[in-house]
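Chemist: Residue 225 in my numbering sits at position 110 of the sequence shown, and the numbers go up by one each step. Before anything else, here's the structure in question.
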Amino acid sequence: MRKILAMILAIAMLLTAMVIPAVAEETDWSSKDKIKITWTTYFTSLPTEDSHFIKFVEDKFNVDIDMLPIDDSNFNEVLNTYILGGDTPDVIRLKDPGQFVSYVESGELGVLDMDVLRAQAPSICAAIDGFKDGAFWDYGVVDGEPYGIPAVAPGNIYHLPVVYNQTWLEKLGAEVPTTLDEFHDLLVRFTKEDPDGDGADNTYGLSSDGLRVLWGAYGVNPGACDGRTDHSYFQLIDGEVKYAATTEQYKEALKVAADWYKEGIIDPEFITGENTGGYWAISNSLINHRIGMTVRGNYYHWVMPGAYQLFDEEGNLVDCDAGAVAKEFLAVNPDEKVVLGQPVTGPYGMGVKSWNLLAQIYCFSKDATSNPDKWERICAIMEYMDHQYVTDRALYTDYYETLYGEYGKYWIWEDEEAGVARTTAKFEEDYPGFASTDPWGPTQWGPTLPILLPTKGNQWATSIGYEEGGIVNLVQFSLPAMAENQSNITHLKDTWMIDFITGAKDVDADWDAYVAELNAAGLDKMVQEAVDWYASTQAE
Ligand SMILES: [Ca+2]
Numbered sequence: 116m117r118k119i120l121a122m123i124l125a126i127a128m129l130l131t132a133m134v135i136p137a138v139a140e141e142t143d144w145s146s147k148d149k150i151k152i153t154w155t156t157y158f159t160s161l162p163t164e165d166s167h168f169i170k171f172v173e174d175k176f177n178v179d180i181d182m183l184p185i186d187d188s189n190f191n192e193v194l195n196t197y198i199l200g201g202d203t204p205d206v207i208r209l210k211d212p213g214q215f216v217s218y219v220e221s222g223e224l225g226v227l228d229m230d231v232l233r234a235q236a237p238s239i240c241a242a243i244d245g246f247k248d249g250a251f252w253d254y255g256v257v258d259g260e261p262y263g264i265p266a267v268a269p270g271n272i273y274h275l276p277v278v279y280n281q282t283w284l285e286k287l288g289a290e291v292p293t294t295l296d297e298f299h300d301l302l303v304r305f306t307k308e309d310p311d312g313d314g315a316d317n318t319y320g321l322s323s324d325g326l327r328v329l330w331g332a333y334g335v336n337p338g339a340c341d342g343r344t345d346h347s348y349f350q351l352i353d354g355e356v357k358y359a360a361t362t363e364q365y366k367e368a369l370k371v372a373a374d375w376y377k378e379g380i381i382d383p384e385f386i387t388g389e390n391t392g393g394y395w396a397i398s399n400s401l402i403n404h405r406i407g408m409t410v411r412g413n414y415y416h417w418v419m420p421g422a423y424q425l426f427d428e429e430g431n432l433v434d435c436d437a438g439a440v441a442k443e444f445l446a447v448n449p450d451e452k453v454v455l456g457q458p459v460t461g462p463y464g465m466g467v468k469s470w471n472l473l474a475q476i477y478c479f480s481k482d483a484t485s486n487p488d489k490w491e492r493i494c495a496i497m498e499y500m501d502h503q504y505v506t507d508r509a510l511y512t513d514y515y516e517t518l519y520g521e522y523g524k525y526w527i528w529e530d531e532e533a534g535v536a537r538t539t540a541k542f543e544e545d546y547p548g549f550a551s552t553d554p555w556g557p558t559q560w561g562p563t564l565p566i567l568l569p570t571k572g573n574q575w576a577t578s579i580g581y582e583e584g585g586i587v588n589l590v591q592f593s594l595p596a597m598a599e600n601q602s603n604i605t606h607l608k609d610t611w612m613i614d615f616i617t618g619a620k621d622v623d624a625d626w627d628a629y630v631a632e633l634n635a636a637g638l639d640k641m642v643q644e645a646v647d648w649y650a651s652t653q654a655e
């Protein structure tokens with residue numbers, strides 16, 4: 116008996132010894148000097164100094180947090196005044212990553228000690244390492260030196276939705292297309308076979324946003340021609356940095372678009388775009404039966420009611436509601452449905468635009484990075500507060516239990532099996548102003564991570580293959596020449612796109628004039644800058 120007990124104890128000790136290195140080392144911060152840290156975060160109105168989250172961070176990490184009063188609406192301008200006044204905040208959640216390189220070049224930011232970051236913020240580093248082979252670290256590197264931590268908007272892992280009017284498909288006895296030829300055939304049928312059944316010749320295949328499927332089948336995203344969200348798309352093509360809208364692939368695709376226009380399957384109103392007002396993700400052209408498909412918004416905007424199920428507060432599985440745009444569609448067409456398809460396969464593979472994944476860059480004052488005590492503390496705080504984004508169940512649960520308290524009051528499992536929590540109706544009632552706008556305080560202290568929490572909605576998007584086939588912008592923030600010229604260049608690009616498609620210009624005969632006009636407006640400078648930036652991120 117004793118022997119067995121001794122053996123069990125020995126095994127238990129062995130197990131303990133094996134487990135210890137895997138658990139993050141707990142530092143007793145109270146034994147260290149108290150330090151003051153100026154921090155910036157997301158809020159729309161100022162949190163109180165003794166808000167729940169600020170107090171928590173101050174107590175746990177033995178720091179005095181000065182949360183700077185820079186609200187989101189004029190963040191860039193106010194941040195600038197701090198920096199110009201010599202008061203660079205210690206922790207900068209840089210809302211416009213386009214400012215990052217110029218801040219580095221004017222000497223305002225500190226170089227990160229990556230060894231300390233890796234030791235104190237293992238979850239953050241592991242998440243960035245594990246996403247696209249760590250490629251996003253490059254956004255924080257200037258001339259081979261690390262100055263920033265990329266914050267990723269993980270929902271943008273899913274490409275833009277390829278939306279079809281399912282009721283029209285059913286009426287025509289057609290399937291969701293998978294090749295460019297099938298896609299074209301369907302557009303012809305949407306145009307010629309009266310899919311809305313009103314007896315009038317008043318429908319088209321697609322409009323400006325739907326053309327993204329054609330561009331994607333040629334491997335590029337030159338943007339829709341309504342210009343609003345498609346500035347400066349750069350892609351790595353055959354190892355070279357290219358501006359998408361001057362590539363040979365785009366030129367080839369434009370010829371197809373011009374043919375389609377002649378054929379009458381593109382809505383002539385594509386020139387002004389599909390959204391005639393209201394919420395940005397709405398395609399009025401699709402909702403109002405002008406066209407049969409679109410590529411607009413995000414997948415969750417178009418989810419039909421009951422597409423998947425999720426848990427309510429009592430833990431019962433219930434049908435999901437319609438997404439924001441699906442709701443508008445159903446209000447006009449209560450007996451119809453939309454369905455989400457994939458990009459189609461064409462001459463250069465398949466793909467469709469993804470929104471930028473780079474949301475912000477976290478960067479730091481020289482004082483923060485050169486003072487080892489301060490840098491260590493900042494890294495540890497970001498790590499702890501970022502446990503809200505991780506899939507490690509123990510860290511994630513600890514975060515909720517420690518910060519939101521007793522289970523059931525302010526937080527519950529949205530899906531316990533999947534490990535996704537959410538706040539309760541009681542929480543929304545007690546703290547009605549999202550995140551930092553109330554005595555609860557700011558919840559965002561470190562970069563959002565490229566980890567997609569398996570919410571029921573995200574599980575559904577993954578199940579329909581929406582993580583695959585996105586065309587990603589290589590330069591996800593604006594460099595200086597880009598910032599200066601891109602509005603004008605995008606406008607020219609859009610005007611020429613319309614002229615090429617409608618036949619006002621000829622793709623072969625006028626292509627050189629098009630490229631020359633963009634270059635005269637600064638495109639060549641912008642491309643060179645992108646090439647140089649990309650090379651600088653590759654330097655050791
Ligand atoms: Ca009709």
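For each residue, glycine too, the CB sits at the ideal point set by N, CA and C.
1. Residues in the same chain with beta-carbon distance under 7 angstroms from G584, minus the five sequence neighbours each way, listed in chain order, please.
2. Residues in the same chain with beta-carbon distance under 8 angstroms from R233, minus the five sequence neighbours each way, listed in chain order, please.
3. What's the gap between the Cα of D205 and the Cα of G534?
4. Expressed to the nearest angstrom, what Euclidean distance is found between the alpha-carbon atoms of D609 and H299?
5. To the nearest whole angstrom, what separates the beta carbons of V172 and A373, a pair I think is in contact under 8 angstroms?
6. Can you give the Cα-Cα distance for G245 and T517, rounded to whole angstroms?
7. Should the stretch 261-273 be called in touch with the stretch 554-569, which here means at least 3 C-beta pairs below 8 angstroms?
8. Check this for me: beta carbons of E498 and S238, under 8 angstroms apart or not?
9. Is it buried or exposed, V356, if we count other Cβ atoms within 10 angstroms and call 16 or more buried?
10. Name the residue from S322, L607, E531 whose alpha carbon lies nearest to the alpha carbon of L432.
11. Here's the rule: buried if 16 or more other CB atoms are within 10 angstroms of the residue's CB, otherwise exposed. What is V138?
12. From what residue to what residue does the beta strand (DSSP E) around M182 run?
13. Using a 10 Å radius around the Cβ and a threshold of 16 neighbouring Cβ atoms, would you call S322 buried or exposed?
14. Assuming G115 is part of the alpha helix (DSSP H), what are its boundary residues?
15. Can you find the residues in the same chain that come closer than 7 angstroms, C-beta to C-beta, to D230, ignoring five residues on each side of it along the sequence?
16. Determine the contact status of W611 and K366, defining contact as a CB-CB distance below 8 angstroms.
17. For A645, which of helix, strand or coil comes out of DSSP?
18. Mapping the DSSP letters down to three states, classify G263 as helix, strand or coil.
19. Please determine, among N336, G520, E644, P554, the residue with the shortest C-alpha to C-alpha distance to V587.
20. With a CB to CB cut of under 7 angstroms and the five nearest residues on each side skipped, what residues in its chain are close to A289?
21. Ligand 1: which residues have Cβ under 6 angstroms from any of its heavy atoms, chain order?
22. Do you know offhand how far T203's Cα is from W330's?
23. Please report the straight-line C-alpha distance between G213 and A598, rounded to a whole angstrom.
24. Determine the contact status of A339 and A396, defining contact as a CB-CB distance below 8 angstroms.
25. At the level of alpha carbons, what is the spacing between Q653 and S166?
26. In terms of residue numbering, what span does the alpha helix (DSSP H) encompassing Y515 cover?
27. Which residues mark the beginning and the end of the beta strand (DSSP E) in which R304 is found?
28. When DSSP labels each residue in this structure, what does Q424 get in the three-state scheme?
29. Go through its chain and collect everything with a Cβ distance to N600's Cβ below 8 angstroms, but skip five positions before and after it.
30. On a CA-only basis, which of S469, P547, D187, F168 is nearest I180? Give me that one, please.
31. Could you check if P557 is buried or exposed, using at least 16 other CB atoms within 10 Å of its CB as the buried criterion?
Modeler: Working from what's here:
1. Here residue 584 refers to the residue found at position 469 of the sequence shown. Cβ neighbours of G584 beyond the five flanking positions: H274, Q457, P458, M465, G466, V467.
2. One-based indexing of the sequence shown puts residue 233 at position 118. So the list reads C240, once near-sequence residues are dropped.
3. Locating residue 205 in the sequence shown gives position 90, where the first residue counts as 1. Locating residue 534 in the sequence shown gives position 419, where the first residue counts as 1. Taking the straight line joining both Cα atoms gives about 33 angstroms.
4. Mapped onto the sequence shown, residue 609 falls at position 494. Mapped onto the sequence shown, residue 299 falls at position 184. Cα to Cα, D609 sits roughly 23 angstroms from H299.
5. Here residue 172 is taken as the residue at index 57 of the sequence shown, counted from 1. Here residue 373 is taken as the residue at index 258 of the sequence shown, counted from 1. That pair is no contact at about 58 angstroms.
6. On the sequence shown, position 130 is the one that residue 245 refers to. On the sequence shown, position 402 is the one that residue 517 refers to. Cα-Cα distance, rounded: 27 angstroms.
7. yes
8. Along the sequence shown, one-based indexing puts residue 498 at 383. Along the sequence shown, one-based indexing puts residue 238 at 123. Going by C-beta atoms, E498 is nearer than 8 angstroms to S238.
9. Numbered from its first residue, the sequence shown carries residue 356 at position 241. Answer is buried; the Cβ neighbour count reaches 16.
10. Position 317 of the sequence shown, counted from the start, is the residue given in the question as residue 432. Among S322, L607, E531, the Cα nearest to that of L432 belongs to E531.
11. What you label residue 138 is simply residue 23 of the sequence shown in a count that begins at 1. Unreliable placement is indicated for V138, whose pLDDT of 41 sits below 50; the coordinate value is still reported in the next sentence. It counts as exposed.
12. Counting from one through the sequence shown, the residue named residue 182 turns up at place 67. First-last of the beta strand (DSSP E) with M182: 178-182.
13. Along the sequence shown, one-based indexing puts residue 322 at 207. Under this definition S322 is a buried residue.
14. This structure leaves residue 115 out entirely; the chain is present only between 116 and 655.
15. The residue labelled residue 230 in the question sits at position 115 within the sequence shown. Nothing listed; no residue qualifies.
16. Reading the sequence shown from its first residue, position 496 is the one you call residue 611. Reading the sequence shown from its first residue, position 251 is the one you call residue 366. The answer is no: Cβ separation not under 8 angstroms.
17. The residue you call residue 645 lines up with position 530 of the sequence shown. In this structure, A645 counts as helix in the three-state DSSP scheme.
18. Position 148 of the sequence shown, counting from 1, holds the residue named residue 263. Three-state DSSP puts G263 in a strand.
19. Sequence index remark: in the sequence shown, residue 587 carries index 472 (1-based). With distances taken between Cα atoms, V587 lies closest to N336.
20. Along the sequence shown, one-based indexing puts residue 289 at 174. For A289, where only same-chain residues beyond five positions count, the Cβ hits under 7 angstroms are L301, R304.
21. D309, D311, D313, A315, N317, T318
22. Taking the sequence shown and counting its residues from 1, one reaches residue 203 at position 88. Taking the sequence shown and counting its residues from 1, one reaches residue 330 at position 215. Roughly 43 angstroms between the two C-alpha positions.
23. Stepping through the sequence shown from its first residue, residue 213 is reached at position 98. Stepping through the sequence shown from its first residue, residue 598 is reached at position 483. In a straight line, the C-alpha of G213 is about 8 angstroms away from that of A598.
24. On the sequence shown, residue 339 is found 224 positions in, with the first residue counted as 1. On the sequence shown, residue 396 is found 281 positions in, with the first residue counted as 1. Taking 8 angstroms as the Cβ cut-off, A339 and A396 do not qualify as a contacting pair.
25. To locate residue 653, count along the sequence shown from 1; it is residue 538. To locate residue 166, count along the sequence shown from 1; it is residue 51. If I take the Cα positions, the gap works out to 42 angstroms.
26. Mapped onto the sequence shown, residue 515 falls at position 400. Segment 508-519, the alpha helix (DSSP H) holding Y515.
27. Here residue 304 is taken as the residue at index 189 of the sequence shown, counted from 1. Note, R304: premise wrong, no beta strand (DSSP E); alpha helix (DSSP H) at 295-307.
28. Here residue 424 refers to the residue found at position 309 of the sequence shown. Note: Q424 maps to strand in three-state DSSP.
29. The count along the sequence shown starts at 1 and reaches residue 600 at position 485. The residues are A636, G637, L638, K640, M641.
30. In the sequence shown, counting from the first residue as 1, residue 180 sits at position 65. The candidate whose alpha carbon is nearest that of I180 is F168.
31. What you label residue 557 is simply residue 442 of the sequence shown in a count that begins at 1. Counting Cβ neighbours within 10 Å, P557 comes out buried, since at least 16 surround it.
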